[in-house]
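S.K.: Those protein sequences? They're chains R and D, same order as listed. The numbers in our numbering rise by one with no breaks, and the one at position 266 of the first sequence is 266. One gets our numbering by counting positions in the second sequence from 1 and adding 548 to each. Positions of the beta carbon are idealized from the N, C-alpha and C atoms, including for glycine. This one's a predicted model, so the numbers in the text were calculated from it and none came from an experiment.
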Amino acid sequence: MGLEAFLDEQLHPERTNDGDMEARLIDLPTLTMTTEELVESYPPVKRQIRREERSLTEKAGSTTAMSEGWTARTNLPDGAQPSGEGTGQGPQEILTELAREEVLRAVYSKRQLLEVMVQFWMNHFNIFAPKGADKWLMTSFERDVIRPHALGKFEDLLVATAESPAMLFYLDNWMSSATAFESIRRPAAPARGAKWPLPRGRQIIRRWTFFGGDSQARPANFLIPSAQRPNRGLNENYSRELMELHTLGVDGGYTQRDVIEVARCLTGWTINRPRQGGGFIFRPARHDYGPKIVLGHRIPPGRGLEDGLEVLHILATHPATAHFIARKLCQRFVADDPPQTLVDRAAQTFTRSGGDIRVVLKTILTSPEFYSEAAYRAKTKSPLELVASTMRALGAETDAGPCLLQLIGRMGQPMFQYQAPAGFPDRASTWINSGSLLARMNFATLVAANRVPGTRVNWEHVAPGVSSRPEAVIASLDRQLLHGGLSEQTRRALLNQAAMGPPLEAAAGQPLLGRRTRLLPAGEPSAAAGQVSTLAALLIASPEFQRR
Amino acid sequence: MKIVRRYFLKSAGLSLFGTGLVPSFLRRTAFALEQSPWSTRKKILVAIFQRGAADGLNMVVPFGEKEYYSLRPTISIPAPKACAGEGECAIDLDGFFGLHPSLRSLKPLFDAQRLAVIHAAGSPDNTRSHFDAQDYMETATPGMKSTADGWLNRFLQANPEAEAAPFRAIALTPRLPRSLMGPAPALAIDDLGGFRLRTNPQSRASNVLRSAFETMYVSAADRLISRTAHETFEAMDALGRIAPEDYRPANGAEYPKGPLGRSLQQIAQLIKANVGLEVAFAEVGGWDHHVNEGGVQGQLANSLQQFADALAALDRDLGDRMADVVVLTMTEFGRTARENGNRGTDHGHANAMLVLGGPVKGGKVYGRWPGLKPDDLYEGRDLALTTDFRDVFAEILVRHLGARQTAAIFPGFKLSAARFQGFLS
Numbered sequence: 001m002g003l004e005a006f007l008d009e010q011l012h013p014e015r016t017n018d019g020d021m022e023a024r025l026i027d028l029p030t031l032t033m034t035t036e037e038l039v040e041s042y043p044p045v046k047r048q049i050r051r052e053e054r055s056l057t058e059k060a061g062s063t064t065a066m067s068e069g070w071t072a073r074t075n076l077p078d079g080a081q082p083s084g085e086g087t088g089q090g091p092q093e094i095l096t097e098l099a100r101e102e103v104l105r106a107v108y109s110k111r112q113l114l115e116v117m118v119q120f121w122m123n124h125f126n127i128f129a130p131k132g133a134d135k136w137l138m139t140s141f142e143r144d145v146i147r148p149h150a151l152g153k154f155e156d157l158l159v160a161t162a163e164s165p166a167m168l169f170y171l172d173n174w175m176s177s178a179t180a181f182e183s184i185r186r187p188a189a190p191a192r193g194a195k196w197p198l199p200r201g202r203q204i205i206r207r208w209t210f211f212g213g214d215s216q217a218r219p220a221n222f223l224i225p226s227a228q229r230p231n232r233g234l235n236e237n238y239s240r241e242l243m244e245l246h247t248l249g250v251d252g253g254y255t256q257r258d259v260i261e262v263a264r265c266l267t268g269w270t271i272n273r274p275r276q277g278g279g280f281i282f283r284p285a286r287h288d289y290g291p292k293i294v295l296g297h298r299i300p301p302g303r304g305l306e307d308g309l310e311v312l313h314i315l316a317t318h319p320a321t322a323h324f325i326a327r328k329l330c331q332r333f334v335a336d337d338p339p340q341t342l343v344d345r346a347a348q349t350f351t352r353s354g355g356d357i358r359v360v361l362k363t364i365l366t367s368p369e370f371y372s373e374a375a376y377r378a379k380t381k382s383p384l385e386l387v388a389s390t391m392r393a394l395g396a397e398t399d400a401g402p403c404l405l406q407l408i409g410r411m412g413q414p415m416f417q418y419q420a421p422a423g424f425p426d427r428a429s430t431w432i433n434s435g436s437l438l439a440r441m442n443f444a445t446l447v448a449a450n451r452v453p454g455t456r457v458n459w460e461h462v463a464p465g466v467s468s469r470p471e472a473v474i475a476s477l478d479r480q481l482l483h484g485g486l487s488e489q490t491r492r493a494l495l496n497q498a499a500m501g502p503p504l505e506a507a508a509g510q511p512l513l514g515r516r517t518r519l520l521p522a523g524e525p526s527a528a529a530g531q532v533s534t535l536a537a538l539l540i541a542s543p544e545f546q547r548r
Numbered sequence: 549m550k551i552v553r554r555y556f557l558k559s560a561g562l563s564l565f566g567t568g569l570v571p572s573f574l575r576r577t578a579f580a581l582e583q584s585p586w587s588t589r590k591k592i593l594v595a596i597f598q599r600g601a602a603d604g605l606n607m608v609v610p611f612g613e614k615e616y617y618s619l620r621p622t623i624s625i626p627a628p629k630a631c632a633g634e635g636e637c638a639i640d641l642d643g644f645f646g647l648h649p650s651l652r653s654l655k656p657l658f659d660a661q662r663l664a665v666i667h668a669a670g671s672p673d674n675t676r677s678h679f680d681a682q683d684y685m686e687t688a689t690p691g692m693k694s695t696a697d698g699w700l701n702r703f704l705q706a707n708p709e710a711e712a713a714p715f716r717a718i719a720l721t722p723r724l725p726r727s728l729m730g731p732a733p734a735l736a737i738d739d740l741g742g743f744r745l746r747t748n749p750q751s752r753a754s755n756v757l758r759s760a761f762e763t764m765y766v767s768a769a770d771r772l773i774s775r776t777a778h779e780t781f782e783a784m785d786a787l788g789r790i791a792p793e794d795y796r797p798a799n800g801a802e803y804p805k806g807p808l809g810r811s812l813q814q815i816a817q818l819i820k821a822n823v824g825l826e827v828a829f830a831e832v833g834g835w836d837h838h839v840n841e842g843g844v845q846g847q848l849a850n851s852l853q854q855f856a857d858a859l860a861a862l863d864r865d866l867g868d869r870m871a872d873v874v875v876l877t878m879t880e881f882g883r884t885a886r887e888n889g890n891r892g893t894d895h896g897h898a899n900a901m902l903v904l905g906g907p908v909k910g911g912k913v914y915g916r917w918p919g920l921k922p923d924d925l926y927e928g929r930d931l932a933l934t935t936d937f938r939d940v941f942a943e944i945l946v947r948h949l950g951a952r953q954t955a956a957i958f959p960g961f962k963l964s965a966a967r968f969q970g971f972l973s
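#1: Taking only beta carbons into account, state which residues of the stretch 721-738 of chain D come closer than 8 Å to chain R, listed in chain order.
#2: If you scan the stretch 791-867 of chain D from start to end, which runs of the beta strand (DSSP E) of 3 or more residues do you find wholly inside it?
#3: Run through chain D and tell me which residues come within less than 8 Å of Gln546 of chain R, C-beta to C-beta.
#4: Measuring alpha carbon to alpha carbon, tell me which of R:Gln340, R:Ala335, R:Asp337, R:Ala347 ends up nearest Ala322 of chain R.
#5: Buried or exposed for Phe391 of chain R, going by 16 or more other Cβ atoms inside 10 Å?
#6: Give the residues of chain D in contact with Ile281 of chain R, contact being defined as C-beta atoms less than 8 Å apart.
#7: Using the beta-carbon of each residue, which ones in chain R are nearer than 8 Å to Ser767 of chain D?
#8: Give me whichever residues DSSP pairs with Asn123 of chain R in a beta bridge.
#9: In chain D, what lies closer than 8 Å to Pro543 of chain R by C-beta?
#10: Residues of the stretch 158-176 of chain R in Cβ contact with chain D at a cutoff of 7 Å, in chain order, please.
#11: Apart from the five residues on each side of it in sequence, which residues of its chain come closer than 7 Å, Cβ to Cβ, to Thr74 of chain R?
#12: Any beta-carbon of chain R closer than 8 Å to the one on Phe777 of chain D?
#13: Using a C-beta cutoff of 8 Å, does Met441 of chain R count as contacting chain D?
#14: Can you pull the chain D neighbours of Ser434 of chain R, defined as C-beta to C-beta under 7 Å?
#15: Residue ranges of each alpha helix (DSSP H) run of no fewer than 4 residues wholly in the stretch 642-722 of chain D, ordered along the chain?
#16: Is there a Cβ from chain R that is less than 8 Å from the Cβ of Leu925 of chain D?
#17: Given a cut-off of 8 Å on the beta-carbon distance, is the pair Gly454 of chain R and Leu404 of chain R in contact?
#18: Kindly indicate which three-state DSSP category His297 of chain R falls into: helix, strand or coil?
#19: Which same chain residues end up closer than 6 Å to Arg967 of chain D when comparing Cβ atoms and leaving out the 5 residues on each side of it in sequence?
#20: Kindly indicate the opening and closing residues of the beta strand (DSSP E) around Asn899 of chain D.
#21: Roughly how many angstroms lie between the CA atoms of Thr877 of chain D and Tyr170 of chain R, to the nearest whole one?
#22: Who are the near neighbours of Gly730 of chain D in its chain, counting only those whose CB is closer than 8 Å to its CB and skipping five residues on each side?
#23: When the cut-off is 8 Å and only beta carbons count, does Gly2 of chain R lie next to chain D?
#24: For Leu28 of chain R, which residues in the same chain have their Cβ closer than 7 Å to its Cβ, ignoring the five residues on either side in sequence?
#25: Per DSSP, what kind of secondary structure is Thr622 of chain D in: helix, strand or coil?
#26: Could you give the C-beta distance for Val875 of chain D and Val594 of chain D, rounded to a whole number, given that I count them as a contact under 8 Å?
#27: Determine whether the beta carbon atoms of Gly843 of chain D and Thr622 of chain D lie at a separation below 8 Å.
#28: Between the Cα of Asn674 of chain D and those of R:Pro44, R:Arg257, R:Gly233, spot the shortest distance and give me the residue it belongs to.
#29: Assign Met692 of chain D to one of two classes, buried (16 or more other C-beta atoms within 10 Å of its C-beta) or exposed (fewer than that).
#30: For Met500 of chain R and Arg789 of chain D, what's the separation of their Cα atoms in angstroms?
#31: May I ask you to report which of helix, strand or coil DSSP gives Lys590 of chain D?
#32: Identify the contact partners of Arg240 of chain R in chain D, using a Cβ-Cβ distance below 8 Å as the criterion.
#33: Compare the beta carbon distance of Gln413 of chain R and Ser434 of chain R with 8 Å and say whether it is the shorter of the two.
#34: Short check: CB of Val543 of chain D to CB of Ala638 of chain D, under 8 Å?
#35: In chain R, which residues lie less than 9 Å from Gly960 of chain D when you measure between Cβ atoms?
#36: Using a Cβ-Cβ cutoff of less than 8 Å, which residues in the same chain neighbour Ile205 of chain R once the five nearest sequence positions on both sides are dropped?
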């Protein structure tokens, strides 16, 4: 297949049959469950309930809106580090299965570009999954929010994330409401026709439009004192990250005032029946109906859900957003510091196409910069990329089990566990330090020796029909793993190893991955390991294989 | 002798360890023959970053300030005299400031004049982005994003050692923090015991494999990899001798379970092992309490308890060695003086920093207090800044670590000893 045809196929993943891939996911039942089903099937573990109940009884911490693990804890208690190892029963299992899906797709899917973009957006709209309710919400976030829009229109993707329970919970917008302070400060308009309690749902919006003409107007019921309505008040968290990280970028020209105004527009965007895992709902009772000004745009008073949608539209179509997203995409595909000319062209495409991600990708992937000398192996592979490229190059069989997930974590990319909303920085310095480099050596050694439970390389098939001469083995591995990109230094190290070393099998230890990890039953040591696997271990860890 | 000193042997022309083929009896003999190159004890800085912006107003409580209570109706810490019972109110420091009750294990250190607070300190930049603010603090160049290296790395660069120790600078973190990034060597190791190749150490095969890795990396064209690999192998050799998994804290010190306790215990271990440590870095997350922050009890209280107990355990474990050590805590910015509608606090401005150690003139809250009246607040909402964090950094580098070339460490910032708070003599 020619390059153009390949690109075209990758840009239209729906045209590719990926049935073999999907078959590998059959044993992961959580992937097809709704959030309600997940909450039902994987209730919080008991210990966790007790601990969180304790924190709920504390006088300042108690709220009626949350209980049983659906608390707004910002962080896990120290020591409760989530690991890639599933507990079998608790909600951790959900995240383990989701991580396994991502690894399996990275290794086996024919729709490579789609998978790369799913990972890109998951990181762009990063969520720290162990935070409270997000353990149950990530599956739907990946499946229903990110994946369907990964190659679609940016604004659709943005709105989908803004309405997603996972993001509403992670960045606290589900609790944000018009502030008591604001309510008191503003004179109240007579609430003609306003009834309490208000009907729920989106259909309510039109009811309030009659306030549209009066900038000071707001329904009287919004003046109920905060003492009777705990948890009332504005929360700026999502608003700030929405502009800084999801759209405009930190230098996108917004101010603290904009942060507050955007947060006001998004009041009422919350989660329906959060304890049962319900979906998005706009709650008119929590909305701030005053007039707002966002980035110089007047948002008229008296509207409801439209405020937030208009803000998202302003942000999605802002030139700073086009530039910010274009730059991040170029950084993903071309270089840590991508050429400005390419970023500018990609940003133009973004604006011209109305934020069509597929079209922007085409601009980048067909650009001379993408194929330039400077972009060749310019990027350092993330741990997930290292694992996927290793498995693909060696034709390995893997179930992406807990041990492999732990290795990815040890290499510095614990999946869905980057705590800050910024996501992993897409730069070499994120991935290469003394600890993670050592972890890469250990990954290479353990995989080559077939000591990773659930993962197996058939060395008989890796270099078939090659004579046992080291030169021939090295040449064959070079073709498979590096497309002939082996450096002179690495070739020398390999030849030296071949001349001196007994096979890897004798050297490889057990996958001790942390002090609490028990040894898992390893695959049988390969009889054919010998020279091929030993040299492959070095090649997988080689400086050139760390690049893409 | 506990430690391997590979680079020492190298400099003596005994480059044996690159091949890893030296029998262990010979190694022991070699060490026994030589004196430690650090027989004169080094001064040490332990920098701790509280990531997420800790709420300094509830950490070191200005209970003498009436506005504090009106701004925070549900999350304030009662004044010492308003106490309902043990642990229910601030612990009085000087009649105006008090420690959060969860910090009680730090009170004896304050009383012993080994712990000082610098209040209303922080970054003059008004960003309320965690990422920018952390970046500015770690590069020590507020408002400048183009700074390539971290402040601790620039200290290392500007004050090179004749005989660079592999453990001169280490972060007990999975990724190298911005503070230590730069051309000077610095390690990132989150678990000392696990820092080794997963091969059977007894086998000759594993030695051969290890030296193949080393050969491959050391001459690699990728300079980030070759430099990192060099540091990695040096550190691995040194750690092979310390046997970190057998460590027992001294003086009955008990580190709290959790990442910070674990990091500080490993730092204590490295300090006692005399591996030439000069700058250690640890971090602790979980301070971004927008919702249900809590008051005397709650989320912040729990985080503070871990935090204080880890610091107190480090002090106790190190005992006399604290004479050489200064511990500095920092966080990217403060939090809003007023609590928000979710009984939490949003991103603010100035904050409290703690300094602990033998050389510290403690028992005092340093810094000019700007007050919390509406007109005193920064941008009408946050604690105002009276001490630039760079003046705190600089005082420690100059007076404790004996730094030279401070202008290169703090580019674009005019240092003046007159602005030092004087928490170090």
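M.R.: Let me lay it out:
#1: Residues Pro722, Arg723, Leu724, Met729, Leu735, Ala736, Ile737, Asp738.
#2: Note on the stretch 791-867 of chain D: whole beta strand (DSSP E) runs with a minimum of 3 residues are 827-832, in chain order.
#3: Taking a Cβ-Cβ threshold of 8 Å, the residues of chain D close to Gln546 of chain R are Asp770, Ile773, in chain order.
#4: Relative to Ala322 of chain R, the option among R:Gln340, R:Ala335, R:Asp337, R:Ala347 whose CA is nearest is R:Ala347.
#5: Checking the sequence shown, residue 391 of chain R turns out to be Met, not Phe. Burial is judged here by how many other beta carbons sit within 10 angstroms of a residue's own beta carbon; Met391 of chain R has at least 16 and is buried.
#6: Within 8 Å Cβ-Cβ: nothing; Ile281 of chain R doesn't reach chain D, min ~18 Å.
#7: In chain order: Gln489.
#8: Paired residue(s): none; Asn123 of chain R is not in a bridge.
#9: Residues of chain D with a Cβ closer than 8 Å to the Cβ of Pro543 of chain R are, in chain order, Met764, Tyr765, Ala768, Ala769, Asp770, Ile773, Ser774.
#10: If the cut-off is 7 Å between Cβ atoms, the stretch 158-176 of chain R has Asp172, Met175 near chain D.
#11: Low confidence applies to Thr74 of chain R: its pLDDT is 29, below 50, so where it sits in the model is not reliable, and the reading given next is rough at best. If we look at Thr74 of chain R and ignore the five residues flanking it on each side, its Cβ neighbours are Lys131.
#12: Here residue 777 of chain D is Ala; the residue named in the question, Phe, does not match the sequence. Ala777 of chain D counts as touching chain R.
#13: Interface residue, yes.
#14: Simply Leu735, Ala736, Ile737, Thr776, Glu779, Thr780, Ala783.
#15: Here the runs fully enclosed are 655-659, 678-687, 699-706.
#16: By this cut-off, Leu925 of chain D is not an interface position.
#17: Taking 8 Å as the Cβ cut-off, Gly454 of chain R and Leu404 of chain R qualify as a contacting pair.
#18: If DSSP states are grouped into helix, strand and coil, His297 of chain R belongs with the strands.
#19: Excluding positions up to five away in sequence, the list reads Asp939.
#20: In the DSSP annotation of this structure, the continuous segment of the beta strand (DSSP E) that includes Asn899 of chain D starts and ends at 899-905.
#21: One C-alpha to the other measures close to 27 Å.
#22: Taken in chain order, the residues that qualify are Ala696, Asp697, Gly698, Asn701, Arg702, Leu704, Gln705.
#23: Not an interface residue.
#24: Hits under 7 Å: Glu97, Arg100, Glu101.
#25: Residue state for Thr622 of chain D is assigned as coil, using DSSP reduced to three classes.
#26: Between Val875 of chain D and Val594 of chain D a beta carbon distance of about 4 Å is seen, short of the 8 Å cut, so the two are scored as contacting.
#27: Taking 8 Å as the Cβ cut-off, Gly843 of chain D and Thr622 of chain D qualify as a contacting pair.
#28: Nearest of R:Pro44, R:Arg257, R:Gly233 to Asn674 of chain D, Cα basis: R:Arg257.
#29: Taking all protein chains shown into account, Met692 of chain D has fewer than 16 neighbouring C-beta atoms within 10 Å of its C-beta and is therefore exposed.
#30: Straight-line Cα distance between these residues: approximately 26 Å.
#31: In the structure shown, Lys590 of chain D falls within a coil segment according to DSSP collapsed to helix, strand and coil.
#32: Chain D residues near Arg240 of chain R: Arg676, Ser677, His895.
#33: No, the pair does not count as a contact, with Cβ atoms beyond the cut-off.
#34: Residue 543 of chain D is absent from the structure shown; chain D starts at 549 and stops at 973.
#35: Correct list: empty, because the minimum Cβ distance to chain R is about 19 Å.
#36: With a pLDDT of only 30 at Ile205 of chain R, under 50, the local geometry of the prediction cannot be trusted, and no value is derived from it.
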